[in-house]
Amino acid sequence: MNTKSRRQKRVEIIQVLYKYELLEREINIQDVFDEFPFLDKEQLVAIDKIAKSYNVLKKSLSKFINPSWKWERISPVVRAILLNGAYELFFIQPRIVINEAVEITKNYFWKPIEPINKDERIYDDWQYKFVNGILENYYKLLLKLEQISYKVEE
Numbered sequence: 076m077n078t079k080s081r082r083q084k085r086v087e088i089i090q091v092l093y094k095y096e097l098l099e100r101e102i103n104i105q106d107v108f109d110e111f112p113f114l115d116k117e118q119l120v121a122i123d124k125i126a127k128s129y130n131v132l133k134k135s136l137s138k139f140i141n142p143s144w145k146w147e148r149i150s151p152v153v154r155a156i157l158l159n160g161a162y163e164l165f166f167i168q169p170r171i172v173i174n175e176a177v178e179i180t181k182n183y184f185w186k187p188i189e190p191i192n193k194d195e196r197i198y199d200d201w202q203y204k205f206v207n208g209i210l211e212n213y214y215k216l217l218l219k220l221e222q223i224s225y226k227v228e229e
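For the sequence shown, our numbering assigns the number 76 to the initial residue and increments by one for each residue that follows.
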């Protein structure tokens, strides 16, 4: 049995989200199931949950974007990475989620400049810094909301 790495699963989810962000279409889980047969049940569940909470995730993430920018101004790839990261922050350690999102962003946005050292990649660094900052601030928001809910329950 060929098992996928956690990173591969994330990238595949991001690829699906990217398609819908690029086309500016609402995610239809049945279409995803039909069009992406390589996705496993866990990935389909994640995409379905992201689809169902899309507006809340988008609105929450947008709070940390420059007010003069709109969500649509951000690269569809970055939006897909942010949506997946925001979803994962609910149940995976934040350090892991943010680090993975940053590394995946670097993989999508490295500059094709011939580096001096062949093993060195040159990154267009604003995208991964942007993803890092947005997800860190989003996580801080989740912590504040959690603290508020504890106070309300007391």
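A virtual CB, placed ideally from N, CA and C, is assigned to each residue, including glycine. What you are looking at is a predicted structure, and each value in this text was computed from that prediction instead of being measured.
- By the neighbour-count criterion, in which a residue is buried when 16 or more other Cβ atoms sit within 10 angstroms of its Cβ, residue 202 is buried.
- Secondary structure at residue 146: helix, using DSSP grouped into helix, strand and coil.
- By alpha-carbon distance to residue 184, the top candidate from 87, 205, 108, 222 is 205.
- A Cβ-Cβ distance of about 7 Å is found for the pair residue 157 and residue 210, placing them in contact under the 8 Å criterion.
- Here residue 163 is near residue 172, since their CB atoms are less than 8 Å apart.
- In its chain, beyond the 5 residues on either side, 102, 104 have a beta carbon closer than 7 Å to the beta carbon of residue 126.
- When the alpha-carbon of residue 182 is set against those of 78, 85, 79, the nearest one is in 85.
- Within its own chain, the residues whose Cβ lies closer than 8 Å to the Cβ of residue 99, once the five positions on either side in sequence are excluded, are 147, listed in chain order.
- Distance check between residue 94 and each of 111, 80, 79 places 111 closest, using alpha-carbon atoms only.
- Of the residues 137, 106, 179, 82, the one whose Cα lies closest to the Cα of residue 123 is 106.
- Membership of residue 137 in the alpha helix (DSSP H) is indicated by the continuous run 129-137.
- Linking residue 166 to residue 143 through their CA atoms gives a straight-line distance of about 32 Å.
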